[in-house]
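Taking it in order: structure first as structure tokens, then the write-up.
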């Protein structure tokens, strides 16, 4: 009999992926995914970039390249992080990964032995929970409110818990909650982190997609001790199909991530890197991000307006300043997982919230994505979900 | 102070990568890499494929796709495995990975807990040793000879060792030794494996690159109990820059690999997969492989002839029937690591063999790659190494 490693008992595939299979039919109005809107992809621009790469450096593009990533692309990323996140960095501190999901996998393997403790917001990103599980840690969830992670609770846990090796956070337009940490919380967080000297994984896939209010400084920009590992990605500002993300960290920590990259898959796709790099040379990514923000901003408003109209007063939801998601809390007695099946029967889908809590519970919640449905479908879908919720009220 | 996971003590970067940095200057004649010859890459064909993909399905190519990989490409891979390796499989049993290196990483994580035992040929592929190390196993090396792994030694270890969870082998044109297992060894191996029911990772990156003698059946084609996990790749038959490999395994085992893929990096690059798939629709990969075989076959002959002329009688080396490498054994008193520096001083490079032994030793060996140097440089490089060897003889 084949025997598997113990970690395989914990990895059972993502519920979202299974649900997405159910919702793949074209008649379904799906708020379940986290996909960027494909109609906005700069297909002609990326085609021109691909032609340029094959004409000017085809052999290089088809060959192995370095583990760290293509130097010109790493330089552009460092420049962008300076401009957008006020992070004082350079190409030497950037590792190109196969999407920022791979940065999560590496973070777990660099910092976590079995039974070590990882702290995360409650709720938090399902893909991070799954990536971390492969290292068999214990999860402690830190409660959150509309202003982000609750710092008194974080400090309490740090003061009383051994083997805390890593803290995972998404301070901007969090997945799944759509919430953004206030300046006060960010300051308090960095003070606590500097006291306990615990490495922080700051996951920032949506930071550039702000529709209103002021940008908040990234934790990495406030990091004086080299404790913050910043994960970025092209998936939400350009396209996910190239599978390009990056990790920005101190020299010492990044070296460990490089070792993991080398043993995991040697390097990110050379062709993906060079095509993306050429696109950035030829076009303005800022202009493209403005377009995305305009469309997503409208879809967000459309969804929030429809919720206000069709959802009963017994529900609450977040008003995100940016990103892709809002988060709905139902009365405690409604199970959003069961209700999801009732919704799919009416050709509308969301992701039940329970999977976003590593230790379970909270089944009266769900996540709504507004980035990849046109406005008329958003209104119709919200109307249908509203009807289902009302039918479940006691 | 930041604390790392214990596995990070074992991962210190590959010696080859460090050496490749030293040998990157154009004046160096390098036999150190394992790179395919870039002058053979079908750049125009891949450019045409890229244009076709962007014209016909640009949005799909830039979007997320499934963890398992693009269905059309998985079907083509299954067909190719039937045709080339006589493996009775289908698309459902294929997972697309980010190079076959990622299959090695997943194999370790699916099968190995800390202190479990992995068996491998002595010597074996450095990248596999590094990937497995991240799971902190114990390595037991099984001795080899010109006919492959020595089966009496394998059986002895299996009969007397607890916690053997996985056996890693490269039966065709092995990296680093260039050796191929005989039919007799393959039969004996499968008999032993079926008795002990241990999963086998059959790594086959070079199998199609045979210059002479008959093809040998893959272990996977002889597998009646679903114990063999086959790893394939486009890196050596098409191009490595797209980072596309695949894993073919039983339904049960492949499901575990799929979970690892999902938590590691979600999916391989959609753009890489669709461009490669379009190339395979538009052109004959078989014709391209014939071209590669012709060129590599000549370079191999050139290297072997030059070795016979310039290397002293105190050395031995393998005569590979295919693949990219030959393996040189020096007199025991010569340290190939020290000698590598003497060679680099003469602008010629190889990889010292010690790194290919997970438990160390065997410093009187080195690996030679013949695929990516033109013939006149091969002769000149071998001449220089021959001189250095002679200067080190007692």
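Chains as they are written, first to last, in our numbering: chain A, 1 to 394; chain B, 1 to 394.
Glycine included, every Cβ here is placed at the ideal spot set by N, Cα and C.
In this text, all values refer to a predicted model and were calculated from it rather than measured experimentally.
Requested in this report: Pull out every residue of the stretch 102-114 of chain B whose Cβ sits closer than 7 Å to any Cβ of chain A, in chain order.
Outcome: For the stretch 102-114 of chain B, which is checked against every Cβ of chain A, the residues closer than 7 Å are 102, 105, 109, 110, 111, 112 and 113.
Query raised in the report: When we look at the beta-carbon of residue 236/A and count the other beta-carbons within 10 Å, is it buried (16 or more) or exposed?
Result: Around the CB of residue 236/A, 16 or more other CB atoms lie within 10 Å, so the residue is classed as buried.
Query raised in the report: Between which two residues does the alpha helix (DSSP H) harbouring residue 196/B extend?
Result: Counting along the chain, residue 196/B sits inside the alpha helix (DSSP H) bounded by residues 183-196.
Query - Every unbroken beta strand (DSSP E) within the stretch 85-136 of chain B, with a cutoff of 3 residues, ordered by chain - result: Along the length of the stretch 85-136 of chain B, whole beta strand (DSSP E) runs at least 3 residues long occupy 94-97 and 117-122, reported in chain order.
Query raised in the report: For the beta strand (DSSP E) that contains residue 247/A, what are its first and last residues?
Result: Unbroken beta strand (DSSP E) run through residue 247/A: 245-248.
Query raised in the report: So, using beta-carbon positions, are residue 94/B and residue 78/B closer together than 8 Å?
Result: Taking 8 Å as the Cβ cut-off, residue 94/B and residue 78/B qualify as a contacting pair.
Requested in this report: Compute the distance between the beta-carbons of residue 148/B and residue 231/B, then report whether it is under 8 Å.
Outcome: In this structure, residue 148/B lies away from residue 231/B, with their beta-carbon atoms at least 8 Å apart.
Report task. Round the Cβ separation of residue 54/A and residue 107/A to the nearest angstrom and send it over; I've been treating them as touching at under 8 Å. Result -> With 8 Å as the limit, residue 54/A and residue 107/A do not qualify as a contact, their Cβ atoms being about 35 Å apart.
Report task. Could you round the C-beta distance between residue 221/A and residue 85/A to whole angstroms and report it? I think they count as a contact, below 8 Å. Result -> Residue 221/A to residue 85/A, Cβ: 6 Å. Contact.
Query raised in the report: Going by other Cβ atoms of all chains shown within 10 Å of its Cβ, with 16 needed for buried, is residue 62/B buried or exposed?
Result: Around the C-beta of residue 62/B, 16 or more other C-beta atoms lie within 10 Å, and the residue is accordingly described as buried.
**Report entry** Cutoff 8 Å: residue 241/B Cβ touching any chain A Cβ
**Finding:** So, interface residue.
Query raised in the report: Is DSSP giving residue 79/B helix, strand or coil here?
Result: Helix at residue 79/B.
**Report entry** Test: residue 344/A CB closer than 8 Å to a CB of chain B
**Finding:** Taking 8 Å as the CB threshold, residue 344/A stays off the interface with chain B.
Query raised in the report: In angstroms, rounded to a whole number, what distance separates the CA positions of residue 337/A and residue 124/A?
Result: Approximately 17 Å between the Cα atoms of the pair.
Query - Short CB-CB distance (under 8 Å) between residue 173/B and chain A - result: For residue 173/B, the answer is no, since every Cβ of chain A falls outside 8 Å of its Cβ.
Query - Straight-line Cα distance separating residue 373/B from residue 58/A - result: C-alpha of residue 58/A to C-alpha of residue 373/B: approximately 19 Å in a straight line.
Query - residue 318/B vs residue 185/B beta-carbon contact at 8 Å - result: Not in contact: residue 318/B and residue 185/B (Cβ atoms no closer than 8 Å).
Requested in this report: Please name the residue or residues paired with residue 219/B in a DSSP beta bridge.
Outcome: For residue 219/B, which the question treats as bridged, DSSP gives no partner whatsoever.
Query - chain A within 8 Å of residue 2/B, Cβ atoms only - result: Closer than 8 Å to some Cβ of chain A, the Cβ of residue 2/B qualifies, so yes.
Query raised in the report: Terminal residues of the continuous alpha helix (DSSP H) containing residue 279/A?
Result: Element bounds for residue 279/A: 270-282.
Query - Cα-Cα separation between residue 382/B and residue 368/B, rounded to whole angstroms - result: Going from the Cα of residue 382/B to the Cα of residue 368/B covers about 10 Å.
Query - Residues of the stretch 192-209 of chain A with Cβ closer than 7 Å to any Cβ of chain B, in chain order - result: Here the close residues are 197 and 199.
Query raised in the report: List, in order along the chain, the chain B residues whose C-beta lies closer than 9 Å to that of residue 374/A?
Result: Residues of chain B passing the Cβ test: none, with the nearest at roughly 15 Å.
Report task. Taking C-beta pairs closer than 8 Å, name the residues in chain A that residue 12/B reaches, listed in chain order. Result -> Among the residues of chain A, those whose CB is under 8 Å from the CB of residue 12/B are 259, following chain order.
Requested in this report: Taking residue 257/A as part of the alpha helix (DSSP H), name the residues at either end of that continuous run.
Outcome: That run of the alpha helix (DSSP H) goes 251-265.
**Report entry** Beta-carbon spacing of residue 151/B, residue 188/B below 8 Å
**Finding:** Yes, the Cβ-Cβ distance between residue 151/B and residue 188/B is below 8 Å.
Query raised in the report: Does the stretch 276-289 of chain B come within contact of the stretch 258-266 of chain B, defined as at least 3 CB pairs closer than 8 Å?
Result: At 8 Å Cβ cutoff, the stretches do not touch.
Query raised in the report: Under the three-state reduction of DSSP, which class applies to residue 330/B: helix, strand or coil?
Result: Reduced to three states, the DSSP call for residue 330/B is coil.
Query raised in the report: How many Å lie between residue 111/B and residue 357/B at the Cα?
Result: Roughly 21 Å between the two C-alpha positions.
Query raised in the report: Which residues bound the beta strand (DSSP E) around residue 140/B?
Result: 138-145 is the span of the beta strand (DSSP E), which, as asked, contains residue 140/B.
Report task. Kindly give me the distance between the Cβ atoms of residue 366/A and residue 351/A, rounded to whole angstroms, as I take these residues to be in contact under 8 Å. Result -> About 6 Å separates the CB atoms of residue 366/A and residue 351/A; that is less than 8 Å, so the two are in contact.
Query raised in the report: Does DSSP classify residue 356/B as helix, strand or coil?
Result: Residue 356/B: helix per DSSP, three-state reduction.
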